[in-house]
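In what follows, a structure is listed as structure tokens, so that the remarks can point back to it.
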Amino acid sequence: MEGRTWNADRAGALVDEHPEAYKDIDEVTADQRDLVAVQHTLRQVFNYKG
């Protein structure tokens with residue numbers, strides 16, 4: 001990732017979406033437990049915007 005820099009002072013301005021734009025995934029899967037069988041759970045670790 002040569003040539004990429006991180007400006008911590010501007011990090012707050014890089015949010016593209018409202019934090020409440022999506023429902024909590026654990027709540028959604030709990031609500032759908034009689035319709036689906038969860039086999040794996042993936043969690044986002046890093047989001048790079050460049």
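So the sequence shown is numbered by full-length UniProt numbering: it starts at 1 and just counts up by one. Even glycine gets a Cβ: it sits at the ideal position worked out from N, Cα and C.
- Counting along the chain, A30 sits inside the alpha helix (DSSP H) bounded by residues 25–31.
- Distance from the CA atom of R10 to the CA atom of L35, rounded to whole angstroms, is 43 Å.
- Just measuring C-alpha positions, the residue of V28, N47, Y48, E2 sitting nearest T41 is V28.
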